Amino acid sequence: MTDLKVVKAEEGEIFDIELDENLLKANEEIANENMELLKKHNVLAIDVMGATGSGKTSLIEKLVESLKGKYTIAAFKGDLTTTIDAERIKKHGVVVVPISTGKECHLDANLVRKALQRIDLEKIDLLFIENVGNLICPSDFPLGSEKRIVVISVTEGPYMVIKHPFIFADADVAVINKKDLAQPMNVSIKKLEQDIYEINPNVKVVATNCRSGENVSQVIQALNL
Ligand code: MG
Ligand code: ZN
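Residue numbers for the sequence shown follow the working numbering, beginning at 34 and rising by one.
(1) Could you tell me whether any non-hydrogen atom of ligand 4 is closer than 6 Å to the CB of K156?
(2) Kindly indicate which residue of I79, D205, Q254 has the alpha-carbon position closest to the one of L160.
(3) From what residue to what residue does the beta strand (DSSP E) around F174 run?
(4) Could you tell me whether the region 183-200 touches the region 102-118, where touching means 3 or more Cβ pairs closer than 8 Å?
(5) Closest to H125 by C-alpha separation, out of E98, G190, A142, would be which residue?
(6) Counting along the chain, where does the beta strand (DSSP E) carrying A255 start and finish?
(7) Leaving out the 5 sequence neighbours to the left and right, which residues in its chain are closer than 6 Å to L144 when beta-carbon positions are compared?
(8) For I200, I'd like the list of residues in its chain whose CB is within less than 8 Å of its CB, leaving aside the five on either flank, ordered along the chain.
(9) Going by DSSP, which residues form a beta bridge with K89?
(10) If you measure from the CB of L197, is any heavy atom of ligand 2 nearer than 6 Å?
(11) Three or more C-beta pairs under 8 Å: does that hold for the region 71-78 against the region 189-205?
(12) With a threshold of 7 Å on Cβ separation, who are the neighbours of H74 within its own chain once the five nearest residues in sequence on each side are excluded?
(13) Rounded C-beta distance between A210 and G88? I'm assuming under 8 Å.
(14) I'd like the span of the alpha helix (DSSP H) that includes L225, first residue to last.
(15) Following the continuous beta strand (DSSP E) through I152, name the residue where it begins and the one where it ends.
(16) In chain order, what residues of the same chain have a beta carbon less than 7 Å from the beta carbon of N164, not counting five sequence neighbours either side?
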């Protein structure tokens, strides 16, 4: 593949606290409890993951607009310190709980559990959980949701998929956003799609323009909603 000598951590070396096995196990246990709780109340929870600026919030806004007549919807929005996205979603008239992660670059199951205590699950059918803008560690931290959407955009360049394989491996739907900008960015949607299918042949891929709403109905279909 390459003649370059790559720096790597050897086994047993400390290089990232997030790889601590106990921490991941504790997160998974809480995620399972969240899933049980959501099932008990018939709430379908959907994670929305992707880099900052990829269009996660725009996608949720459009999904909420299309689906709020059919389902009672709530949304959680994880961010380090801001509530900008939470306010955007709230404008569409649904319950929104902002979650502040402080310095943490991802949501975890414990924060989601705390947010779940803030909403009346009996009254909710559908819950969107927008993660912090990050394509790396959210894949290690399940939250208890039933489905996962990954959003990338063509403005992030041609290598977003192959550089972040793990997040696509367990996604149900992959959204390639800002399709209208593919040509000026000289990025091939077809190639991105192929990269995604190579990692996960079972994922449903949809190219969208979440600003105009183009193909958002296909995302809804892919989610069976
Ligand atoms: Mg956002
Ligand atoms: Zn993180």
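No residue lacks a Cβ here, since even glycine has one placed at the ideal position from N, Cα and C. Just so it is clear, the structure is predicted and the values come from calculations on it, not from any experiment.
On the basis of the data shown:
(1) The model on display carries ligand 1 and ligand 2 but not ligand 4.
(2) Among I79, D205, Q254, the Cα nearest to that of L160 belongs to I79.
(3) Here F174 belongs to no beta strand (DSSP E), and DSSP marks it neither H nor E.
(4) no
(5) E98
(6) Note, A255: premise wrong, no beta strand (DSSP E); alpha helix (DSSP H) at 249-255.
(7) Answer for L144: I132, listed in chain order.
(8) Counting only residues of its own chain and dropping the five nearest sequence neighbours on each side, I200 has a CB closer than 8 Å to the CB of M82, L168, I169, P171, S172, V183.
(9) In the DSSP output, where bridge partners are listed per residue, K89 has none listed.
(10) As written in the sequence, residue 197 is His, which differs from the Leu given in the question. No, the beta carbon of H197 sits no closer than 6 Å to any heavy atom of ligand 2.
(11) No: fewer than three Cβ pairs fall under 8 Å.
(12) L154, E155
(13) It should be noted that the sequence gives Asn, not Ala, for residue 210. Separation of the CB atoms of N210 and G88 is rounded to 4 Å, and the pair is thereby assigned contact status at 8 Å.
(14) Note, L225: alpha helix (DSSP H), 222-232.
(15) Where I152 is concerned, there is no enclosing beta strand (DSSP E), given that its DSSP letter is neither H nor E.
(16) D80, V81, M82, G111, H139, L140, P171
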